[in-house]
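Here the structure comes first, spelled out in structure tokens, and everything after it is commentary.
Residue numbers (full-length UniProt numbering), protein chains in the order written: chain A, 1 to 435; chain B, 1 to 435; chain C, 1 to 435; chain D, 1 to 435.
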């Protein structure tokens with residue numbers, strides 16, 4: 001987790017204080033359930049809640065851990081310092097450390113998911129607004145980086161919207177994947193703890209009980225979770241790449257917002273770098289790198305080994321913090337992205353109508369000209385445009401063989417941009433719903 | 001795709017003949033839709049269906065492609081050789097190659113998904129059967145590879161069932177991810193083709209129209225698809241790892257089925273290697289390696305570049321064929337897996353009751369013995385077991401300080417395996433539903 | 001391995017016939033060594049060489065394997081069919097299958113390395129020629145896709161040369177990594193085979209003996225090998241990316257060679273797609289995906305498990321065949337790459353001298369103008385260029401505050417391209433050696 | 001970077017204070033070189049060295065950066081606060097930020113390499129000691145987790161030694177890969193800075209000048225560097241896996257050192273978990289995950305984009321810190337690893353001589369018994385051992401058909417462990433050099 005690429009709410013989820021708070025809640029709810037079952041005295045369960053509003057002393061817990069070399073024992077010791085040894089004596093009874101640790105990790109991932117879901121929702125709002133704003137802003141579509149046919153900037157935003165909407169749906173699924181808890185003991189048999197305790201704790205913590213766990217919650221869930229983050233990150237890279245292309249000097253159809261105060265902006269007006277988009281490209285790689293280790297974590301030995309733990313200590317915070325930061329940065333970037341419609345128009349006409357050559361070719365054949373002849377006619381006019389800088393439509397109108405097959409109006413129509421945008425509303429209705 | 005790791009049905013999806021057949025269907029359905037719209041003559045659309053039962057000549061198409069250097073044109077040329085140039089003249093009208101190629105790829109992935117779904121369903125049947133069969137077969141649970149507490153072999157199978165059931169659900173989602181088609185033209189604007197054509201073709205091909213495409217179907221869908229295959233592969237590795245551990249000489253609780261005829265089986269009865277499980281471990285790596293490139297494929301330039309194509313030519317067939325093979329191999333492996341309950345019992349008692357030391361420790365404290373004393377009591381008896389090969393229960397029963405706190409019946413109860421299996425039915429009901 | 005992305009020499013290395021030939025040579029050389037040691041009769045060793053010029057019948061071997069389910073035994077059976085059972089009776093004596101298989105795999109990788117090394121050498125020749133050709137072809141350098149300062153196209157080629165030269169060196173190291181053989185028996189102790197046999201076979205096969213093997217050659221070697229292929233692939237992606245950028249419509253400084261006959265070339269002269277470079281981008285991903293599984297292969301269990309085998313059956317051929325194809329394609333691409341110097345000059349001047357603003361700013365401060373004033377002066381002239389389309393130098397020469405600090409000659413000098421190219425020879429000497 | 005998995009010396013390399021110190025040295029040495037060239041006054045260059053022993057105020061620099069939003073400018077401002085604006089006025093002249101940043105990153109990687117090289121050297125010392133100690137400690141070799149033939153524990157250590165020795169060599173190569181610096185300006189042309197400055201700075205900083213750079217040092221170097229770390233991590237996983245297997249309850253030939261004070265050690269003597277080895281397995285995944293993003297970083301756009309930067313801010317510290325920690329942990333683990341020779345012997349004899357069945361089979365055929373008969377003889381005796389728990393050698397000696405072919409001495413010899421260890425010295429000489 002790199003401080004400059006983190007935001008406070010997400011970072012807070014991964015702080016020791018948050019972790020201990022969740023541990024505490026799990027233990028306290030477990031005591032409640034055990035008291036309900038008559039396994040431990042009700043007053044002991046109640047007494048544990050005395051620590052409800054106490055802030056745990058992280059340094060103190062660390063100090064105890066340094067001695068005991070066991071984090072959960074360290075925490076329990078500190079808890080008993082707060083609520084009293086007698087009140088605390090039944091805390092954690094019948095439980096194994098993983099009951100607390102694994103359930104906590106999932107609570108953290110659920111909370112992280114909630115932030116990421118909100119991030120995606122916020123991004124969608126902005127993408128939709130920009131899509132509507134530029135629904136009719138014509139821009140040349142490009143395949144292979146080469147001019148193809150006209151499209152609109154609104155369609156570009158709309159497709160990013162649709163993609164991020166899919167990501168929102170995937171993120172919700174991913175949240176469900178890891179919204180489980182387990183308090184099932186050393187090998188998952190509930191030998192020392194009643195399943196009712198697990199049910200109660202999960203209910204209170206916003207989780208569902210893991211149907212079958214070992215000592216740990218199965219890691220295929222986490223693999224699916226981090227894979228989803230990787231897909232979202234890849235979509236971020238996709239949008240970032242579009243902006244980077246749009247801002248390059250020769251294209252200059254898009255520009256990251258550049259605040260007036262930013263040094264160098266006006267002494268070198270040509271040198272505004274799409275650094276945010278480039279940064280997002282790198283951040284996407286960082287999120288994505290969590291995917292493979294999360295998958296390697298699935299095949300634990302027998303009822304568990306601890307090889308996954310160090311991996312998760314890293315990718316748990318890092319991937320969620322980085323993705324949260326990236327989504328927020330992207331939202332701001334799209335929100336303020338400077339779009340240059342005039343420049344889009346200029347680029348569209350860069351080769352003076354040549355992008356319409358395909359339509360003309362088709363029209364000629366439909367008018368009865370043989371494929372070979374149609375090809376020859378388009379070619380000889382296209383080459384004048386390409387090599388001599390002439391205007392394609394003008395050349396066509398002046399070519400008697402062409403005008404013998406197509407009327408002036410027909411030729412003019414081939415250069416009508418409305419031909420290309422006639423279904424934009426249809427597509428928008430598909431993406432955003434009927435207006 | 002390695003022949004020895006492929007099965008015919010899945011491999012057939014990726015054969016040229018299949019591809020051309022799908023291309024044909026897309027083109028023919030598109031003609032129908034265009035005829036309905038009055039864009040092309042109905043008789044031409046009808047005539048295209050003359051090729052319905054014709055087997056395309058792959059070599060001939062290849063020969064044409066070698067000349068034209070364009071696969072779709074080669075196919076269309078061959079099609080016109082079959083149905084006649086006149087009938088074929090409106091085929092592909094207004095379409096772009098990607099309309100056919102991308103929609104076809106998704107049809108292939110959908111069909112591959114159907115096989116993978118069936119594979120998972122078949123695996124689940126077998127896992128459930130083995131789980132029920134060994135519901136009460138007690139086996140020591142292990143954390144860190146070290147004996148922990150008893151569990152049952154049925155629970156092991158049940159947890160693999162639950163995991164594969166999640167994978168089935170993920171696979172169905174993945175199928176939905178890529179069950180879309182697009183016939184939207186060079187930059188996705190439907191400039192030259194009516195959205196109704198896309199709707200008709202998708203309907204006939206078992207797909208839904210991609211709400212917004214560019215020249216291509218957005219690749220976040222494919223990234224999510226291949227990520228799912230990677231998760232499933234990781235689960236396969238997990239089961240394979242369990243079997244490999246179970247078969248190692250010192251454990252020998254499990255054994256891959258070894259047919260009587262297999263050379264060397266009885267001259268070296270100790271040397272039966274879990275080669276299928278090891279192979280599955282490698283195959284899991286092969287499937288998983290498709291995940292990252294599929295994610296790298298998402299950020300295409302503008303309305304498309306072709307960088308994803310070579311990647312998909314490889315991972316499309318390879319990842320699905322390998323996963324299909326692996327799932328089928330795993331199903332056979334689990335189906336016939338030899339389980340040795342007697343050996344499980346023997347291993348469980350390897351350290352003569354020491355695995356119960358935790359329960360005894362807990363019982364002593366609950367009986368009012370201080371933690372320090374309880375610990376000391378357990379320790380001094382445990383060390384006799386560990387160092388001198390004695391029996392733990394016998395030692396405890398002979399230790400007056402222990403018997404002062406716990407009755408003989410209480411001590412006996414600590415060694416009762418039923419304590420550990422009492423919730424097996426509950427867990428089974430969670431996993432398989434109420435009986 | 002996708003046929004369209006493979007070349008015959010590399011593909012041949014991975015064909016069954018080649019594999020059996022190598023197996024044969026290993027077995028025959030091993031017989032020689034054993035005869036020298038007096039372990040087997042000399043005439044038997046000699047007799048094995050009768051098969052020296054015989055082409056093995058792959059189908060026959062496959063048929064035997066289908067029965068015996070053991071590839072090496074199948075081969076040995078076939079060999080005995082050729083040289084006679086008596087001659088063959090000492091073949092493979094004391095050896096384990098892996099002795100043959102692992103040594104063979106490394107022979108194949110060494111041969112693949114030799115092709116890749118030749119590929120890189122061929123690429124270097126072309127890169128050097130293009131670098132020298134365009135040593136002085138000025139082109140704007142770009143950071144963040146934005147115009148920065150002038151450089152030359154020769155320097156672009158030179159840096160790719162330097163990078164590929166490093167890759168050549170890495171490839172040679174990678175070859176050395178896997179140029180080892182092992183004939184050390186079931187667990188690497190030479191219990192049944194003398195180390196002298198290993199030495200003799202390795203010597204004949206162009207390998208060095210693996211200092212210590214288990215049943216297999218350690219896989220860290222292969223991990224390092226495939227990692228190297230991944231690095232080279234990444235460099236290919238880097239060059240491909242440069243070309244893709246250079247060919248995009250708005251830049252058009254570079255163009256993949258487009259043969260006269262290629263369909264559509266002149267009817268749509270603006271639509272020449274950098275499909276080879278895009279393809280190389282995808283191929284780079286394919287090569288790179290071998291890296292992680294090769295690393296996952298390192299941690300085999302004890303003296304070996306067979307999990308690595310299926311992985312290597314795939315990545316062995318696929319990664320080397322794909323990289324060979326990619327390098328050859330890249331060499332052809334660079335060889336014929338169309339470079340447009342006029343267009344480079346045009347792009348360089350796109351903003352009428354603004355790319356020199358930094359030099360002017362520096363000159364003003366060096367002339368004693370305060371930073372703030374210098375900045376203000378540059379800014380007010382730059383904005384006229386940026387917003388009103390004027391020429392930067394003209395504006396500066398007309399600004400009395402500027403000319404008060406800098407003479408006309410000094411201002412002129414700031415726009416002298418030679419300033420930027422003055423060290424090109426130095427850099428070329430560093431890269432290519434003194435001329 | 002996770003504090004619990006970091007060591008102070010490596011962590012210190014990545015602290016802001018270290019970074020600023022390196023920046024300073026680069027700037028100061030550059031001033032010296034410029035003074036030597038007469039580009040700036042000597043006294044200014046000298047004055048910069050006044051800050052030589054000053055500790056930079058990181059908070060102050062951060063505060064300035066918060067304002068200027070440019071880290072290098074912030075540092076230079078702080079420097080001028082220390083040495084005085086006049087002295088500082090020529091600092092950084094003609095340089096671009098990347099000149100400092102990239103060169104600094106490589107200085108950090110070189111220093112990290114030095115630590116990693118020392119780590120590997122320390123590990124080698126320990127591995128060699130343990131290898132010599134257990135040169136003759138016989139242990140059953142295992143393929144597929146199944147008993148194969150005897151080997152020695154010394155050979156296990158020796159092979160890890162050989163593997164880590166290769167890693168040491170790779171690490172030295174990796175160090176050389178990134179031991180370059182560049183001070184070549186905005187696009188690498190040395191337009192504003194003389195190559196002599198780069199030479200001087202590199203010389204002083206322990207680097208060699210990058211032969212050709214753009215704005216940045218080419219990233220194929222870093223890809224190769226991080227790939228090497230990934231290979232080393234995979235070797236660590238390999239050793240860790242061996243120990244985890246060796247410590248599992250049923251094997252128990254190895255045990256991680258368990259300090260007397262460690263809680264629970266003696267109350268549950270059977271429950272000593274190989275948590276360090278498991279942790280190393282996870283750490284290996286963490287190091288390895290840097291490899292792919294480092295490769296994705298290679299294809300920067302034109303003369304540079306900044307996408308690599310966020311990736312390197314993460315993997316630079318994380319991969320080196322984690323690998324350093326892992327190597328140190330592994331060294332301690334191997335150093336104190338508890339080896340149980342008696343248990344090894346016990347396991348070796350687990351199936352009462354069956355592991356020798358292959359030798360007996362071979363001996364029978366060599367004694368003239370047909371393959372079929374030999375097989376039948378071994379089989380009937382082996383099955384008595386396998387199914388009835390008898391002793392293999394005893395059975396063979398009692399089988400008249402066997403003794404008809406082999407004398408008692410010959411049979412005895414087949415069970416002689418010395419047969420398997422006779423070449424241990426040869427192998428040790430290969431690995432460690434002649435004694």
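Just so it is clear, CB atoms sit at the ideal spot from N, CA and C, and this is done for glycine as well.
Buried versus exposed call for residue i [16 or more other C-beta atoms within 10 Å across all chains shown]
| i | result |
| --- | --- |
| residue 85 of chain B | exposed |
| residue 91 of chain D | buried |
| residue 208 of chain A | exposed |
| residue 400 of chain C | exposed |
| residue 101 of chain D | buried |
| residue 3 of chain D | exposed |
Contact list for residue i against chain D, beta-carbon separation under 9 Å
| i | result |
| --- | --- |
| residue 244 of chain B | 144, 145 |
Whole-Å CB distance - residue i paired with residue j, under 8 Å assumed
| i | j | result |
| --- | --- | --- |
| residue 360 of chain B | residue 378 of chain B | 6 Å |
| residue 256 of chain D | residue 333 of chain D | 6 Å |
Minimum Cβ-Cβ distance from residue i to chain A less than 9 Å
| i | result |
| --- | --- |
| residue 270 of chain C | yes |
| residue 163 of chain B | yes |
| residue 248 of chain C | yes |
| residue 350 of chain C | yes |
| residue 375 of chain B | no |
Under 7 Å by beta carbon: chain A residues contacting residue i
| i | result |
| --- | --- |
| residue 170 of chain B | 224 |
Listed by chain order, chain D residues near residue i by CB distance under 7 Å
| i | result |
| --- | --- |
| residue 308 of chain A | 282 |
Cβ of residue i within 9 Å of any chain B Cβ
| i | result |
| --- | --- |
| residue 117 of chain A | no |
Neighbour flag for residue i against chain C, beta carbons, 9 Å
| i | result |
| --- | --- |
| residue 301 of chain D | yes |
Within-9 Å CB hit, residue i to chain D
| i | result |
| --- | --- |
| residue 188 of chain C | yes |
| residue 227 of chain B | no |
Partners in chain C for residue i, counting only beta-carbon separations shorter than 7 Å
| i | result |
| --- | --- |
| residue 295 of chain D | 230, 231, 234, 288 |
Contact list for residue i against chain A, beta-carbon separation under 9 Å
| i | result |
| --- | --- |
| residue 357 of chain C | 267, 268, 269, 270, 271 |
Meets three-Cβ-pair contact criterion under 8 Å: the region 199–207 of chain A and the region 167–186 of chain B: Short answer: they don't touch.
Inter-stretch contact at 8 Å, needing at least 3 Cβ pairs: the region 314–331 of chain B / the region 300–308 of chain C: no
Given 8 Å, three or more beta-carbon pairs between the region 217–231 of chain C and the region 120–137 of chain C: no
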